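Working notes for the structure below.
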Amino acid sequence: MKSWSPYALLVIVAIALDQWIKQLVENGLAFQEKVDLLPFLALFRTYNTGIAFSMFQSFGDTGLVVIAVLVVAFVLYLATRTPAGHVVARTGFALIIGGALGNLIDRAVYGHVIDYVLFHTPVWSFAVFNLADAFISVGAALVVFDELIGWRREPKPSQD
Numbered sequence: 661m662k663s664w665s666p667y668a669l670l671v672i673v674a675i676a677l678d679q680w681i682k683q684l685v686e687n688g689l690a691f692q693e694k695v696d697l698l699p700f701l702a703l704f705r706t707y708n709t710g711i712a713f714s715m716f717q718s719f720g721d722t723g724l725v726v727i728a729v730l731v732v733a734f735v736l737y738l739a740t741r742t743p744a745g746h747v748v749a750r751t752g753f754a755l756i757i758g759g760a761l762g763n764l765i766d767r768a769v770y771g772h773v774i775d776y777v778l779f780h781t782p783v784w785s786f787a788v789f790n791l792a793d794a795f796i797s798v799g800a801a802l803v804v805f806d807e808l809i810g811w812r813r814e815p816k817p818s819q820d
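Per the working numbering, the very first residue in the sequence shown carries number 661; after that it's consecutive.
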């Protein structure tokens with residue numbers, strides 16, 4: 661079990677950092693007022709009542725909590741089946757779980773997820789997201805990356 665300690669710590673740090681920043685946003689950023697940081701990046705506090713770009717809003721809070729718990733359980737299952745040498749994938753799984761739990765806490769406590777990062781141009785904007793969403797995305801990319809480099813680890817069949 662000791663080999664899981666760094667990943668469990670990463671999950672805890674991801675949740676804590678996500679929740680801390682969301683509290684700062686809730687207490688210090690006006691609702692739906694854009695605060696430009698760079699020409700393409702702004703803070704913009706809003707609430708997401710769905711999952712990933714506001715999908716599945718019609719499922720309600722309970723349905724979305726159930727979906728989130730099932731996703732976390734599935735990712736945890738995949739993580740436990742990942743060999744110890746796959747540090748990149750295990751790190752990715754920890755980030756996915758930390759991000760999903762961070763958003764799950766929001767949904768359970770507030771009935772919505774607090775989003776606050778907005779990438780935009782004068783004619784286009786990306787969906788508003790938060791640090792937990794970034795953890796989930798980076799974690800997924802790490803898992804995919806580990807799969808890609810895993811193919812290179814596999815022994816090549818000998819040609820007789």
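Ideal Cβ positions, reconstructed from N, Cα and C, are used throughout, including at glycine.
All of these numbers come straight from a predicted model, not from anything done at the bench.
Around the Cβ of L698, a 10 Å sphere holds fewer than 16 other Cβ atoms; the residue is exposed. Sixteen is the threshold: since fewer than 16 other Cβ atoms of the shown chains lie within 10 Å of the Cβ of R741, the residue is exposed. Among the bridge pairs identified by DSSP, A702 is matched with D696, L778.
The C-beta separation of A749 from L802 comes to about 7 Å, placing the pair in contact by the 8 Å criterion. Per the coordinates, the alpha-carbon of T751 lies some 10 Å from the alpha-carbon of I757.
Contact annotation, V788 with V798: C-beta distance approximately 18 Å; criterion of less than 8 Å not satisfied. Beta-bridge analysis with DSSP links F789 to V777. Per the coordinates, the alpha-carbon of I774 lies some 33 Å from the alpha-carbon of S663.
Separation of D793 and A674 (C-alpha to C-alpha, rounded to the nearest whole angstrom) is 11 Å.
Between the C-alpha atoms of A739 and L761 there is a straight-line separation of about 15 Å. Counting other Cβ atoms within 10 Å of its Cβ, N790 reaches 16 or more and is therefore classed as buried.
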